[in-house]
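Notes for the one structure printed next.
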Amino acid sequence: MQYLEKIGCWSLHVFCRTFLFVCFFFPINFAINCDFRDQTPCTSWTWTYRVCRRSFEFSTVPYIHSCAMNAHDTLFSIIINIASIDSISEVNMDYTITMYFQQSWRDKRLAYGELNLNLTLDNRVADQLWLPDTYFLNDKKSFLHGVTVKNRMIRLHPDGTVLYGLRITTTAACMMDLRRYPLDEQNCTLEIESYGYTTDDIVFFWQGGDSAVTGVDKLELPQFSIVDIRLVSKEVRFTTGSYPRLSLSFRIKRNIGYFILQTYMPSILITILSWVSFWINYDASAARVALGVTTVLTMTTINTHLRETLPKIPYVKAIDVYLMGCFVFVFLALLEYAFVNYVFFGRGPAQQKKINERLNKVNNERTRYEEKRLREQVDAYGNILLTTLEMNNEVMPSDVGSSVSDSRNSVMSFDSSGVQFRKPMAPRDGFSHHSLDRSAMRSRANCRLRRRSSKLKLKIPNLSDVSTIDKWSRVIFPITFGFFNLIYWLYYVN
Numbered sequence: 080m081q082y083l084e085k086i087g088c089w090s091l092h093v094f095c096r097t098f099l100f101v102c103f104f105f106p107i108n109f110a111i112n113c114d115f116r117d118q119t120p121c122t123s124w125t126w127t128y129r130v131c132r133r134s135f136e137f138s139t140v141p142y143i144h145s146c147a148m149n150a151h152d153t154l155f156s157i158i159i160n161i162a163s164i165d166s167i168s169e170v171n172m173d174y175t176i177t178m179y180f181q182q183s184w185r186d187k188r189l190a191y192g193e194l195n196l197n198l199t200l201d202n203r204v205a206d207q208l209w210l211p212d213t214y215f216l217n218d219k220k221s222f223l224h225g226v227t228v229k230n231r232m233i234r235l236h237p238d239g240t241v242l243y244g245l246r247i248t249t250t251a252a253c254m255m256d257l258r259r260y261p262l263d264e265q266n267c268t269l270e271i272e273s274y275g276y277t278t279d280d281i282v283f284f285w286q287g288g289d290s291a292v293t294g295v296d297k298l299e300l301p302q303f304s305i306v307d308i309r310l311v312s313k314e315v316r317f318t319t320g321s322y323p324r325l326s327l328s329f330r331i332k333r334n335i336g337y338f339i340l341q342t343y344m345p346s347i348l349i350t351i352l353s354w355v356s357f358w359i360n361y362d363a364s365a366a367r368v369a370l371g372v373t374t375v376l377t378m379t380t381i382n383t384h385l386r387e388t389l390p391k392i393p394y395v396k397a398i399d400v401y402l403m404g405c406f407v408f409v410f411l412a413l414l415e416y417a418f419v420n421y422v423f424f425g426r427g428p429a430q431q432k433k434i435n436e437r438l439n440k441v442n443n444e445r446t447r448y449e450e451k452r453l454r455e456q457v458d459a460y461g462n463i464l465l466t467t468l469e470m471n472n473e474v475m476p477s478d479v480g481s482s483v484s485d486s487r488n489s490v491m492s493f494d495s496s497g498v499q500f501r502k503p504m505a506p507r508d509g510f511s512h513h514s515l516d517r518s519a520m521r522s523r524a525n526c527r528l529r530r531r532s533s534k535l536k537l538k539i540p541n542l543s544d545v546s547t548i549d550k551w552s553r554v555i556f557p558i559t560f561g562f563f564n565l566i567y568w569l570y571y572v573n
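Going by the working numbering, the sequence shown opens with residue 80, and the numbers climb by one from there.
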């Protein structure tokens, strides 16, 4: 059994050697026998094969093994042609870009000065060449397009210059400051860096300076406009050394038109709609309450829908300030009717009841006081003075003088048969003066009671008071909302 296994292994070994001899010997022999000095040109695939045979030696950076070379002899130029910016997401804080990413460097090991011809190699040859370890620092997700084949291009020049192009779609992180959203401007970058080689090995630079990035003028974004593009070359330091880095910075400005139609205008119209309740009659409770509740719920729905399209950030955005302001105006319009309803239907009857109770209490005290006074106002003969009867009949203060003057000349008696008038008698000086003083005091007390009653009656709300609240609201609410809009737009636009 072991003998058969040895025979099988030997047969496989012979087959592999024969296959390699057929694949490599005949092309090499053909290439060697090809005389490039002849007038008959050699085919480009022959040179391609020669280059590919050399690629087995390419395991290090070009010239890094040569002591005669300086550290910065290996230069890498980068060109980017932006095909499209597909999306910019505030929720995920990233953007997606499709681009043609081209790197160029010079490798003298691939030079072929005998032929002045550029060679375009198959994309599968890239696995046999030395390639830089370039990567995107802020990349989240990337892929190389592969329809119909991998979108990868390698082109060689006679002096050994290599052009390596890729068609890439990458999703890169973009940290956004949304405090002024949607009146904001954002700065998104694409960071290009070498993963393993330091600045002692390779150097990155933008080929052509500011013209290294093309295709920007053809981009059309639904919600943004590209304001500026800046290219930066820098060197970053880590514990493992200094690394080259290129930065492509996009400054984008958000288009406000979409948000005016979808957020600002509906909020303004709903706020104005809530003011219609000021023109509805105060006793139409169902209509005013329904209008107020509907506008409040609509503003809540708009605010909730907007929060779903934004990340959960700890600070307040510009759109939050505006929506909250509109919500406050709508809610105050609903509270205004609640106040009117309380004044007319709640506070009015309750206050009227309290006033009636106070008036009854005052009248009872007044009655008891007059009864007590009536018992005291009896003269020495057992008769009641005429001034006392006049005050009991609530004679006005203007009539007190005439009543007192009459009491000086006449008195009346009170017995079981009723009231009887007697003949005038000579007045008693001491008694008459005492009666006049007490009568004046009673008159002043009655006047004070009447004034207190009139003040209490003035506090009772009536129809004109409720209408005044609505009239003032029709003016105050629009003016205040106008000032709010003026301050908001001046602050955030500038």
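Even for Gly, the Cβ is constructed at its ideal location relative to N, Cα and C.
Taking buried to mean at least 16 other C-beta atoms within 10 Å of its own C-beta, is V554 buried or exposed?
exposed
From T268 to L257, what distance separates their C-alpha atoms?
Rounded to whole angstroms, T268 and L257 show a C-alpha spacing of 17 Å.
Three-state secondary structure assigned by DSSP to V441
DSSP places V441 in helix when its eight states are reduced to three.
7 Å Cβ shell around F410 - same chain, five flanking residues per side excluded:
The residues are V375.
To the nearest angstrom, how far is the alpha carbon of L515 from that of L438?
With a pLDDT of only 48 at L515, under the threshold of 50, the placement of this residue in the model should not be trusted, and no figure is reported.
Give the straight-line distance between the Cα atoms of Y567 and T277, rounded to the nearest whole angstrom.
50 Å
If you measure from the beta carbon of R316 to each beta carbon in chain D, is any gap under 8 Å?
The question asks about chain D, but that chain is absent: this structure has only one protein chain.
Are R185 and G244 touching if we call contact CB-CB under 8 Å?
no
Minimum C-alpha distance to K563 - residue among L340, T293, G404:
The sequence shown places Phe at residue 563, not Lys. Ranking L340, T293, G404 by Cα distance to F563 puts G404 first.
Answer yes or no: do T213 and I271 have a C-beta to C-beta separation smaller than 8 Å?
Yes, Cβ-Cβ distance for T213 and I271 is below 8 Å.
Taking all protein chains shown into account, decide if G371 is buried (16 or more other Cβ within 10 angstroms of its Cβ) or exposed.
So G371 ends up on the buried side.
Given that a residue counts as buried once 16 or more other Cβ atoms are within 10 Å of its Cβ, and exposed if not, what is K396?
buried
Inter-stretch contact (C-beta, 8 Å, three-pair minimum) for the region 248-262 and the region 221-234
yes
How close, in whole Å, do the beta carbons of I161 and L298 come, if the pair is a contact with beta carbons under 8 Å?
Distance from I161 to L298 at the Cβ level is roughly 7 Å; contact confirmed, criterion being Cβ atoms closer than 8 Å.
Whole-angstrom Cβ separation of S166 and Q286, contact assumed at under 8 Å?
Actually they are not in contact, since the Cβ atoms of S166 and Q286 sit about 28 Å apart, beyond 8 Å.
Rounded to the nearest angstrom, what separates I351 and S364 at their Cα positions?
19 Å
Whole angstroms are fine: how far does the CA of I233 sit from the CA of T199?
6 Å
Label D279 either buried or exposed according to how many other C-beta atoms from any shown protein chain fall within 10 Å of its C-beta, with 16 as the threshold for buried.
Label assigned to D279: exposed.
Starting from S290, trace the alpha helix (DSSP H) both ways and give me its first and last residue.
Per DSSP, S290 belongs to no alpha helix (DSSP H) and is neither H nor E.
Identity of the residues DSSP links to I558 by a beta bridge
I558 is not bridged to any residue.
How many angstroms separate the CA atom of K187 from the CA atom of L194?
15 Å
In whole angstroms, what separates the C-alpha of F179 from that of I558?
In the sequence as presented, Phe is not what sits at residue 179; that position holds Tyr. Between the alpha carbons of Y179 and I558 lies a gap of roughly 56 Å.
Decide if S356 is buried, meaning its Cβ has at least 16 other Cβ atoms within 10 Å, or exposed.
buried
From which residue to which residue does the alpha helix (DSSP H) around T377 run?
364-387
Near S183, what residues of its chain come up, given a Cβ to Cβ distance below 6 Å and the 5 sequence neighbours on each side ignored?
S156, L242
For N420, which residues of its own chain have a beta-carbon under 7 Å away from its beta-carbon, when the five flanking residues on both sides are left out?
S364
Out of curiosity, what's the CA-to-CA distance linking Q207 and D201?
11 Å
Rounded straight-line distance, which links the Cα of P237 to that of N197
So the alpha carbons of these two residues sit roughly 7 Å apart.
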